[in-house]
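According to numbering that gives the first Met the number 0, the sequence shown holds residues 0 to 244 in order.
A short write-up of the structure that comes next.
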Amino acid sequence: MNKYLHFYEFLCYTDDRIKTDRSSKRKAMQLKGKDNGIDSWKEVTLIYNAALRQVETKMEILNEEFQHVHQYNPIEHIKARIKTPESIVKKLKRYGYESTIDNMVKHVNDIAGIRIICSFTSDIYMIAETIKQQRDIKVVAVKDYITYPKASGYKSYHMIVTVPVYLSDRIVDTKVEIQIRTVAMDFWASLEHKIHYKFEGDAPRHIKEELIECSKMVADLDARMLSLNNEIVTLAQAQEESKCR
Ligand code: 0O2
0 MNKYLHFYEF LCYTDDRIKT DRSSKRKAMQ LKGKDNGIDS WKEVTLIYNA ALRQVETKME
60 ILNEEFQHVH QYNPIEHIKA RIKTPESIVK KLKRYGYEST IDNMVKHVND IAGIRIICSF
120 TSDIYMIAET IKQQRDIKVV AVKDYITYPK ASGYKSYHMI VTVPVYLSDR IVDTKVEIQI
180 RTVAMDFWAS LEHKIHYKFE GDAPRHIKEE LIECSKMVAD LDARMLSLNN EIVTLAQAQE
240 ESKCR
């Protein structure tokens with residue numbers, strides 16, 4: 000029995016899912032495996048990747064169906080990633096747990112993460128509703144940081160769901176974190192994320208204040224773009240109706 004799993008691969012944020020970077024970026028880390036070490040880790044990543052692919056495919060189908068029925072794409076683009084082992088270990092430490100595969104599966108909700116970027120705030124809630132209605136998806140938790148933004152100014156709609164992954168000998172309900180946000184919210188969040196990491200969470204006060212100001216501008220921009228779009232849709236409908244008369 001291999002009690003300690005020495006994991007020397009660096010899993011990258013990538014659309015190709017798991018890629019092994021054997022270059023200078025190679026990272027060494029340690030996760031204690033409960034049973035047969037490397038096989039457990041491989042199995043875990045295989046399962047999370049399968050869950051991620053399922054949710055991503057569901058979202059692509061939804062988008063295509065919307066285009067077909069309503070001649071409109073609610074989803075601008077989708078990003079999917081498996082959390083790096085480094086981030087998993089950091090999160091476990093922050094929560095006060097030992098770095099074991101068991102703890103990671105139990106306590107880290109965003110090992111598999113998918114980000115859905117929409118044009119309008121209304122699309123976010125519509126997509127969230129359709130996810131909730133899918134029979135094989137179980138919603139475990141919802142955090143609406145749009146209605147209740149974080150103190151940092153962060154806005155996004157988060158869902159932790161489980162999807163069944165069918166293996167040869169069993170079905171594993173696997174957690175996936177879904178983040179749904181507008182293009183503008185995503186722009187803000189990616190800059191804030193970079194700043195957060197650059198200053199290790201302790202950015203100068205004026206930068207934090209500026210970010211809060213920018214997040215208000217993002218909210219205002221989202222509201223104005225939505226109202227503009229609603230007006231365009233209403234005008235287009237009126238034009239269609241007058242053609243039919
Ligand atoms: P990273 O590096 O993006 O992966 P929980 O998952 O419920 O146990 P957690 O992780 O605090 O607890 O949940 P929450 O608040 O839903 O946050 C999950 C993810 O949302 C974060 O993952 C970020 O991706 C994003 N997020 C949350 N708050 C902020 C914020 O203030 N700014 C930005 N830019 N992103 C945020 P990680 O693991 O913290 O980080």
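Where is the CB? At the ideal position from N, CA and C, for every residue including glycine.
As the structure is a computational prediction, the values presented were derived from the model and not from experiment.
By the neighbour-count definition (other C-beta atoms within 10 Å, threshold 16), V232 is an exposed residue. Cα atoms of K82 and K105: separation of roughly 15 angstroms, rounded to the nearest angstrom. Beta-bridge analysis with DSSP links D143 to Y156.
Leaving aside the five residues that flank A79 on each side, the residues in its chain whose CB is nearer than 6 angstroms to its CB run, in chain order, L51, E55, I113. Under the criterion of beta carbons closer than 8 angstroms, I179 and I110 do not qualify as touching, at roughly 19 angstroms. Secondary structure in the region 56–124: the beta strand (DSSP E) runs of 3 residues or longer, each lying completely within the stretch, are 74–81, 111–117 in chain order. In the DSSP assignment, R180 falls within the unbroken beta strand (DSSP E) covering 170–181.
Considering only I159, T120, T146, D122, the residue with the shortest C-alpha distance to K137 is I159. With three or more CB-CB distances shorter than 8 angstroms, the region 143–157 counts as touching the region 207–225. Excluding its 5 nearest sequence neighbours in each direction, D185 has C-beta neighbours in its own chain below 6 angstroms: I116, listed in chain order.
Burial is judged here by how many other beta carbons sit within 10 angstroms of a residue's own beta carbon; S39 has at least 16 and is buried. Nearest Cα to M58 within the set Y71, P163, N48, I126: I126. E64 and H76 have their alpha carbons spaced roughly 15 angstroms apart. With contacts defined by Cβ atoms closer than 8 angstroms, I206 and I194 form a contacting pair. Ranked by Cα distance from D122, the options K90, A140, N62, I170 are led by N62. At least 8 angstroms separates the beta-carbon of V182 from that of T161.
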